[in-house]
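0 is the number of the first residue of the sequence shown in numbering that gives the first Met the number 0; add one for each residue after it.
Data block below; observations after.
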Amino acid sequence: MLLPSVLAASSFVEVRPGLIFWTLVTFILVAVVLRWKAWGPILSLVEEREKQISSAIESAKRERSEAEKLLADQKTAIAEARREAAEMMRKNQQDMEKYRDELMNKSRKEAEELKVQARREIEDQKLKAIAEVRTMAVDLAMEVAGKLLSERMDDAKHRALAEQFVQGLPVAGPAQAGRRAS
């Protein structure tokens, strides 16, 4: 049984010059046919694939460069938008402060006008009160003068006399009027 496996092993290692010759002829013939029929198309496919890879690499480089440029543009636009927003906020704050100052000035002016108006009204009321007191003083003076003189003068004389008396009275301010009332 060992014999067939030994024979097979010995035939495999055995050198046969005819087999070597035909193996070399077949190899050369296959190499020539492959070079003639397959090598050209394979090389052209390899070259085409190489060109595609090169163009893809160049395209990727261009796209990356464009992407970097767009990214830089976006960063610039974002920075500009932030700057504009900050400027708008600052301007709005200034506008609000200006508006507040205008309102304060307007309120002060209105308060001052109300104060002046109130002083005018007080002065008018004071003058009316003084005129009324003078009228009452004239009437009182006429009555007192009539009682003192015991003679009856006509009304026109009484009035002229009383007005002359009142004109001679000093004009009293609020402090002097308070002292006279005491």
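Where a beta carbon is used, it is the ideal one built from N, C-alpha and C, also for glycine.
Which of helix, strand or coil DSSP assigns to residue i
| i | result |
| --- | --- |
| L113 | helix |
| R99 | helix |
| R48 | helix |
| R15 | coil |
| L33 | helix |
| L126 | helix |
| L139 | helix |
| L168 | coil |
Environment of residue i [buried if 16+ CB atoms lie within 10 Å]
| i | result |
| --- | --- |
| M87 | exposed |
| A30 | exposed |
| A161 | buried |
CA nearest to the CA of residue i, picked from the options
| i | options | result |
| --- | --- | --- |
| L168 | D154, A140, K156 and H157 | A140 |
| Q163 | A117, W21, V137 and D154 | V137 |
Residue-chain proximity (residue i, chain B), Cβ-Cβ < 8 Å
| i | result |
| --- | --- |
| K60 | The chain inventory of the structure shown lacks chain B, comprising one protein chain alone. |
Separation of residue j from residue i, as counted between CA atoms
| i | j | result |
| --- | --- | --- |
| Q166 | E96 | 58 Å |
| A78 | Q93 | 22 Å |
| S106 | V132 | 38 Å |
| S58 | S64 | 10 Å |
| A144 | Q124 | 29 Å |
| W38 | R48 | 15 Å |
| R15 | T22 | 11 Å |
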